[in-house]
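A.B. asks:
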Amino acid sequence: MGKKSRLASGFGVVAAGVALLGAATGVAGAERALTAPEQVFVSYLQAHGELLTDQDQQLAAIDVGKADCNALATGLTKAQLSEQLPGGAAEKEEAVLFLDAATAPGSLCG
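Letter 19 of the sequence shown, counting from 1, is numbered 910 in the working numbering, and no numbers are missing.
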């Protein structure tokens, strides 16, 4: 199914960033605490079936959510954003879930 489709592009960027950070600091897999809005976002996704088992996956999901917030700030609607995602019904359903998580009270979009 499409559970990893939205995370695939963001995950590569986050993994590369973590590798660079680890190389620069001498620490592999640097951990960081999630902010309160990030935690609300991740918790919402997990409560709705997204399996974000490690921090790299959580950070990749957060990057997708923040991109959604930026797109919404430019005037796009949730419907427009979910329609832009290539793929079938499962991918569009997942896009709506990420948008709902990002716009939930206390989450990424404030």
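Backbone N, C-alpha and C define an ideal beta-carbon position, used for all residues, glycine too.
All figures in this text were calculated on a predicted structure; none of them were measured in a lab.
Quick check on this structure: which residue in Leu-950, Ser-934 and Ala-992 has the alpha carbon closest to the alpha carbon of Cys-960?
C.D. replies: Considering only alpha carbons, the answer is Ala-992.
A.B. asks: For Thr-994, which residues in the same chain have their Cβ closer than 6 Å to its Cβ, ignoring the five residues on either side in sequence?
C.D. replies: These residues qualify, in order along the chain: Cys-1000.
A.B. asks: Is Ala-924 helix, strand or coil when you go by DSSP?
C.D. replies: Of the three classes helix, strand and coil, the one that applies to Ala-924 here is coil, per DSSP.
A.B. asks: What residue range does the alpha helix (DSSP H) around Cys-960 cover?
C.D. replies: Taken as a continuous stretch (DSSP letters only), the alpha helix (DSSP H) holding Cys-960 covers 946-964.
A.B. asks: Hey, how far is the Cα of Ala-924 from the Cα of Ala-964?
C.D. replies: C-alpha separation (whole angstroms): 26 Å.
A.B. asks: Would you decide whether Glu-929 is buried or exposed? Buried here means 16 or more other CB atoms lie within 10 Å of its CB.
C.D. replies: Burial call: buried.
A.B. asks: Can you list, in chain order, the residues of its chain whose CB lies under 7 Å from that of Ala-986, leaving out five sequence neighbours each side?
C.D. replies: Arg-897, Leu-972, Ser-973 and Leu-976.
A.B. asks: Can you tell me whether Leu-988 is helix, strand or coil according to DSSP?
C.D. replies: Note: Leu-988 maps to helix in three-state DSSP.
A.B. asks: Just confirm the distance between the C-beta atoms of Leu-943 and Gln-949, as a whole number of angstroms; I'd bet it's less than 8 Å.
C.D. replies: About 5 Å separates the two Cβ atoms, so the contact holds.
A.B. asks: Quick check on Gly-913: does DSSP put it in helix, strand or coil?
C.D. replies: Legend: pLDDT at Gly-913 = 47, less than 50; position of this residue unreliable, value from coordinates given subsequently. In the structure shown, Gly-913 sits in a helix (DSSP, three-state: H, G or I).
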